[in-house]
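Undergrad: Chains as they are written, first to last, in the working numbering: chain A, 11 to 218; chain B, 11 to 218; chain C, 11 to 218; chain D, 11 to 218.
Protein chains: 4
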Amino acid sequence: VTDGEAPVTRVEMFSDGVLAIAITLLVLELPFDKVGDGDLAHALGDHWARFAAYGLSFLGIGILWLHHHAIFTAVGHADRTLVLLNLIVLFCAAFLPYPTSLVGDYLSAGGSNARVSMLLYSGTWTLVTGAAAAMCRHVLRSRLLSSDVDPAGARRLYRNLVGATAAYVVFTLIALASPAATIACYGVAALFFLFTSDFRALGKTTVD
Amino acid sequence: VTDGEAPVTRVEMFSDGVLAIAITLLVLELPFDKVGDGDLAHALGDHWARFAAYGLSFLGIGILWLHHHAIFTAVGHADRTLVLLNLIVLFCAAFLPYPTSLVGDYLSAGGSNARVSMLLYSGTWTLVTGAAAAMCRHVLRSRLLSSDVDPAGARRLYRNLVGATAAYVVFTLIALASPAATIACYGVAALFFLFTSDFRALGKTTVD
Amino acid sequence: VTDGEAPVTRVEMFSDGVLAIAITLLVLELPFDKVGDGDLAHALGDHWARFAAYGLSFLGIGILWLHHHAIFTAVGHADRTLVLLNLIVLFCAAFLPYPTSLVGDYLSAGGSNARVSMLLYSGTWTLVTGAAAAMCRHVLRSRLLSSDVDPAGARRLYRNLVGATAAYVVFTLIALASPAATIACYGVAALFFLFTSDFRALGKTTVD
Amino acid sequence: VTDGEAPVTRVEMFSDGVLAIAITLLVLELPFDKVGDGDLAHALGDHWARFAAYGLSFLGIGILWLHHHAIFTAVGHADRTLVLLNLIVLFCAAFLPYPTSLVGDYLSAGGSNARVSMLLYSGTWTLVTGAAAAMCRHVLRSRLLSSDVDPAGARRLYRNLVGATAAYVVFTLIALASPAATIACYGVAALFFLFTSDFRALGKTTVD
């Protein structure tokens, strides 16, 4: 137990709280008071970009939570670096409702505003996935692992997170060319991670 | 312990967080800045549909939480299918403040906007109850049950959830004919579930 | 373990979540976008009623949480009645940001709108305290008590809650005559409960 | 176990909930609907003060949580004074989105409104840090310490909190002269605390 250690359990609980609140607050960026007196069905259709951005951000934070959880079951104790990297992950997740709202506002109009909003959205995802990958690598390197963790599983999780970060860098480049194509990329990526990621708990859990 | 397993305890905590936040965020769709300078009592009466939708959604998420909790006490461990079905349940619950707000906005005006808003509201409830029923069935079929669970109780819970899903499909059809009658149906259903549902924990709990 | 039982631990966690969210959401009713371009210090002074209502509701939910917590340490298991009474407590707490906002909007203007907003505020507090008292009585009567609970302490807690309910009924009557005097009553009551209430845990706790 | 004791575990959970919600709600003060139809990149740049205030408040609550957590690992049981001081800490944290929003609104315009908003912001931070220091001192003095706590570590934590309170008093004075300089002070302080504070758990934890 070294410098700046904090017990993992309460770090997990605080992180779960922030991620659960961020995923639920996303609903507030849907068009609550912007539908007006016209035809509701048409008005909802005009806001398709808001619903798409909402769905993708919800899935993204959900998948992030699954990975975050898988990492922390492997962690025996926390040091300052882990706490700081975790703070970056939480910052990005808590900030995400804002770029999600910008994408919902500006994507369908196209032009440079669509590009700026999508760059901010992609940048946030790149940063959060990169921080999660760095967190995973730090746990592996610094012997913060619980004694009963399968190191092969932890390395596989790390490779997945590096792969996801690389994908989001590519998405950021695609956003420069076509913001609308980027949103389709996020949809494909979300389905890919949902059906292929290994969410298995790395460490022992209280239940099984 | 098979493919994609995540420990149940933290899944429960994250789910509790999302459901608690969704049920509390509902208050934000009440008419905060829409009352104006006129007579407050009359203005509140004009917004009756918002208060009705708020109350019904609050009760609905509360009952959903009770069933969700009853299912998870029976779960020994989680696989990918359980995690994905649970994500659908949480998505619908977190999304619910939006259709609740649309019903509050458009129900009292009637016409096609009232119908569209009530269809979206009923569709969300049908999906969330159907996903909860599928989750319960998957737990029963896949031997994810804890060793100490009463299978008869789990089957009874499953039948209740299938019955609720069927009721919400009927409510969606009623919404096509009369959105205002549908809201009365939801009120009757909420009282029925509150006083007849078996919320008994299926598995062992830490307290009793 | 009888009809409709749910384990207390997760009921407590869900209740804690709703109360923590409701107490934090109160901040959203402060005058965020209503200050405008004039002098900030004067504008904040004009909104004194919002700040007063915010502070009183924050203290009120905090004290409610302390009592809620004290009751649940005494509870060995939950039945349907306890779950339903708890749902009423959570409903009132989650609803409270709305009447708090109305009091903040209409109290300083006086007239019938100030009276209606204060009646709704006082009615909510009367209902929540009454439901908490009924919950405490039900626990005492129904032998839901943990085996290691001091019954004298539980009865003292019950008498406190009945006294608070009676006080709030009186405050509701005062609100008919003078809404501004009522807000002073709430301030005195909050200080009284903070410094005299017995928040001692009735049952055993995991820590001590 | 003396007057007004409440078990620490659930106090921690409620505090974690309030801090997690407050840190995540901060995002709602970002310029969601204030960007309009002009150039998005320029509009975001014009709102630099909102983003700066958001980032500083996020870091500040994150660091507060780390200290709060470190204190509570040392606490064996809670008395009334601890509960009341903790309520002041939670009140300030839950209130913080409001002064953060005022700083974001008025800092870049300068003048007396910038000064008033920064005084309210600095006053909130001074009060929350002072209450945390008083809480730490009370735990040390009142023998509320767990039996296995290192008293030297607890005294070091207390000195850090007193130092932070003194720094915030100075920042409040600087705000009288130059609100814009104050925001830079908060940035330096956040980095200083992140990289030098001793977040080590004082007491035993469930994990290590």
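Beta carbons are placed, not taken as given, at the ideal position from N, Cα and C, and that holds for glycine.
Is it buried or exposed, Val198/B, if we count other Cβ atoms within 10 angstroms and call 16 or more buried?
TA: If you number the second sequence from 1, residue 198/B lands on position 188. Result: exposed.
Undergrad: When we look at the beta-carbon of Ala80/A and count the other beta-carbons within 10 Å, is it buried (16 or more) or exposed?
TA: Position 70 of the first sequence, counted from the first residue, corresponds to residue 80/A. Ala80/A should be labelled buried.
Undergrad: Between Arg169/D, Ser127/D, Ser152/D and Arg151/D, which has its C-alpha nearest Thr182/D's C-alpha?
TA: Counting from 1 along the fourth sequence, the entry for residue 182/D is found at position 172. Measuring from the Cα of Thr182/D, the nearest candidate turns out to be Ser127/D.
Undergrad: Would you please verify whether the beta carbon of Ser188/B is less than 8 Å from any beta carbon of chain A?
TA: Numbered from 1 along the second sequence, position 178 holds the residue referred to as residue 188/B. Not closer than 8 Å to any Cβ of chain A, the Cβ of Ser188/B fails to qualify, so no.
Undergrad: Answer yes or no: does any C-beta atom of chain D fall closer than 8 Å to that of Tyr116/A?
TA: Against the first sequence, residue 116/A aligns to sequence position 106. It does; some Cβ of chain D falls within 8 Å.
Undergrad: Please list, in chain order, all residues of the same chain as Asp208/D whose beta carbon is under 8 Å from its beta carbon, the five residues on each side excluded.
TA: Numbered from its first residue, the fourth sequence carries residue 208/D at position 198. Counting only Cβ-Cβ distances below 8 Å, and skipping sequence neighbours, we find Ala80, Gly163, Arg166, Leu167 and Asn170.
Undergrad: Is it right to say Phe203/D is buried, meaning 16 or more other beta carbons lie within 10 angstroms of its own, or is it exposed?
TA: Here the question's residue 203/D lines up with position 193 in the fourth sequence. Buried.
Undergrad: Looking at the structure shown, is Gly197/C part of a helix, part of a strand, or coil, going by DSSP?
TA: The count along the third sequence starts at 1 and reaches residue 197/C at position 187. Three-state DSSP puts Gly197/C in a helix.
Undergrad: Looking at Gly140/B: is its Cβ nearer than 8 Å to the Cβ of Thr175/B?
TA: Along the second sequence, one-based indexing puts residue 140/B at 130. Along the second sequence, one-based indexing puts residue 175/B at 165. Cβ atoms of Gly140/B and Thr175/B: closer than 8 Å.
Undergrad: Return helix, strand or coil for Ala84/A, following the three-state DSSP convention.
TA: Working through the first sequence from its first residue, we reach residue 84/A at position 74. Coil.
Undergrad: Let me check understanding here. Comparing Cα to Cα, which of Gly72/C, Ser25/C and Val85/C lies closest to Cys146/C?
TA: On the third sequence, residue 146/C is found 136 positions in, with the first residue counted as 1. Here the closest residue by C-alpha is Val85/C.
Undergrad: At a CB-CB cut-off below 7 Å, which residues of chain B make contact with Met23/C?
TA: Position 13 of the third sequence, counting from 1, holds the residue named residue 23/C. Neighbours of Met23/C on chain B, chain order: Asp26.
Undergrad: Using CA coordinates, which residue listed in Ala30/C, Thr192/C and Leu117/C is at the minimum distance from Asp26/D?
TA: If you number the fourth sequence from 1, residue 26/D lands on position 16. Of the candidates Ala30/C, Thr192/C and Leu117/C, the one whose C-alpha sits nearest the C-alpha of Asp26/D is Ala30/C.
Undergrad: Ignore the nearest five residues each way along the sequence and tell me which others in Val11/C's own chain have a CB closer than 8 Å to its CB.
TA: For the purposes of this step, residue 11/C is taken as residue 1 along the third sequence, with counting starting at 1. With a pLDDT of only 31 at Val11/C, under 50, the local geometry of the prediction cannot be trusted, and the value read off the model is given with reservation. Counting only Cβ-Cβ distances below 8 Å, and skipping sequence neighbours, we find His87.
Undergrad: Nearest by alpha-carbon distance to Gly114/D: which of Phe61/D, Tyr178/D, Phe205/D and Ala185/D is it?
TA: Mapped onto the fourth sequence, residue 114/D falls at position 104. Among Phe61/D, Tyr178/D, Phe205/D and Ala185/D, the Cα nearest to that of Gly114/D belongs to Phe61/D.
Undergrad: Could one say the Cβ of Pro107/D lies closer than 8 Å to chain C's Cβ atoms, at least one of them?
TA: For the purposes of this step, residue 107/D is taken as residue 97 along the fourth sequence, with counting starting at 1. Yes, Pro107/D lies at the interface with chain C (some Cβ there is under 8 Å from its Cβ).
Undergrad: Considering Cα atoms alone, identify which of Ala200/A, Ala53/A, Leu129/A and Gly48/A is closest to Val179/A.
TA: On the first sequence, position 169 is the one that residue 179/A refers to. Val179/A has its Cα closest to that of Leu129/A, out of Ala200/A, Ala53/A, Leu129/A and Gly48/A.
Undergrad: Please go through the same chain and pick out, in chain order, the residues whose beta-carbon is closer than 6 Å to the beta-carbon of Asn123/B, but skip the five residues on each side of it.
TA: Numbered from 1 along the second sequence, position 113 holds the residue referred to as residue 123/B. So the qualifying residues of the chain are Tyr116.
Undergrad: How many Å lie between Tyr196/B and Leu66/B at the Cα?
TA: To locate residue 196/B, count along the second sequence from 1; it is residue 186. To locate residue 66/B, count along the second sequence from 1; it is residue 56. Tyr196/B and Leu66/B: Cα-Cα distance of roughly 7 Å.
Undergrad: What residues in the region 191-202 of chain A bring their beta carbon closer than 7 Å to a beta carbon of chain B?
TA: Result list empty, no residue passes.
Undergrad: Would you verify that the beta carbon of Ser127/A is, or is not, closer than 8 Å to some beta carbon of chain D?
TA: Position 117 of the first sequence, counted from the start, is the residue given in the question as residue 127/A. It does: the Cβ of Ser127/A has a partner Cβ on chain D nearer than 8 Å.
Undergrad: For the region 32-48 of chain D, list every residue whose C-beta sits within 8 Å of some C-beta in chain A, in sequence order.
TA: Flagged, chain order: Ile33, Thr34, Leu35, Leu36, Val37, Leu38, Leu40, Phe42 and Val45.
Undergrad: With a threshold of 8 Å between beta carbons, is Phe10/A in contact with chain B?
TA: Residue numbering for chain A in the displayed model covers 11 to 218; residue 10/A lies beyond these limits and cannot be assessed.
Undergrad: Closest to Leu76/D by C-alpha separation, out of Gly72/A, His52/A and Leu94/A, would be which residue?
TA: Taking the first residue of the fourth sequence as position 1, residue 76/D is located at position 66. Closest by alpha carbon: Leu94/A.
Undergrad: What in chain C is Cβ-close to Ala104/D, meaning under 8 Å?
TA: To locate residue 104/D, count along the fourth sequence from 1; it is residue 94. Here the neighbours are Ile33, Thr34, Leu36, Val37 and Phe68.
Undergrad: Taking 7 Å as the line, does the beta carbon of Ala191/C fall inside it for any heavy atom of the ligand ZN?
TA: No copy of the ligand ZN appears in this structure; indeed no ligand is present at all.
Undergrad: Whose C-beta lies closer than 6 Å to the C-beta of Ala63/C among residues of the same chain, with five residues either side of it excluded?
TA: Taking the third sequence and counting its residues from 1, one reaches residue 63/C at position 53. Closer than 6 Å at Cβ, skipping near neighbours: Thr110, Val113 and Gly114.
Undergrad: Who are the Cβ neighbours of Leu35/A in its own chain at under 6 Å, not counting the five residues just before and after it?
TA: On the first sequence, residue 35/A is found 25 positions in, with the first residue counted as 1. Answer for Leu35/A: Pro107, listed in chain order.
Undergrad: Consult DSSP for Leu167/C and reduce its assignment to one of helix, strand or coil.
TA: Position 157 of the third sequence holds residue 167/C. Helix.
Undergrad: Is the shortest distance between the beta-carbon of Gly72/D and the beta-carbons of chain A less than 8 Å?
TA: The sequence position of residue 72/D within the fourth sequence is 62, counting from 1. Gly72/D counts as touching chain A.
Undergrad: So, does the CB of Leu204/A fall closer than 8 Å to a CB anywhere in chain B?
TA: Position 194 of the first sequence, counted from the start, is the residue given in the question as residue 204/A. True, the Cβ-Cβ gap to chain B drops below 8 Å.
Undergrad: Using DSSP's beta-bridge definition, name the partner residues of Leu155/A.
TA: On the first sequence, residue 155/A is found 145 positions in, with the first residue counted as 1. In the DSSP output, where bridge partners are listed per residue, Leu155/A has Val85/A.
Undergrad: Would Gly72/D and Leu97/A qualify as a contact pair, given that the criterion is a beta-carbon distance under 8 Å?
TA: One-based indexing of the fourth sequence puts residue 72/D at position 62. One-based indexing of the first sequence puts residue 97/A at position 87. Result yes, Cβ atoms of Gly72/D and Leu97/A sit closer than 8 Å.
Undergrad: Counting only C-beta atoms, is Arg153/D closer than 8 Å to chain C at any point?
TA: Start at 1 with the first residue of the fourth sequence, and residue 153/D comes out as number 143. Chain C, which has no Cβ nearer than 8 Å to the Cβ of Arg153/D, makes this no.
Undergrad: Starting from Leu50/D, trace the alpha helix (DSSP H) both ways and give me its first and last residue.
TA: As a working mapping, residue 50/D is identified with position 40 in the fourth sequence. Where Leu50/D is concerned, the enclosing alpha helix (DSSP H) stretches over Leu50 to Asp56.
Undergrad: In terms of residues, what are the limits of the alpha helix (DSSP H) holding Phe229/D?
TA: The displayed coordinates of chain D run from 11 to 218. Any statement about residue 229/D would go beyond what the structure contains.
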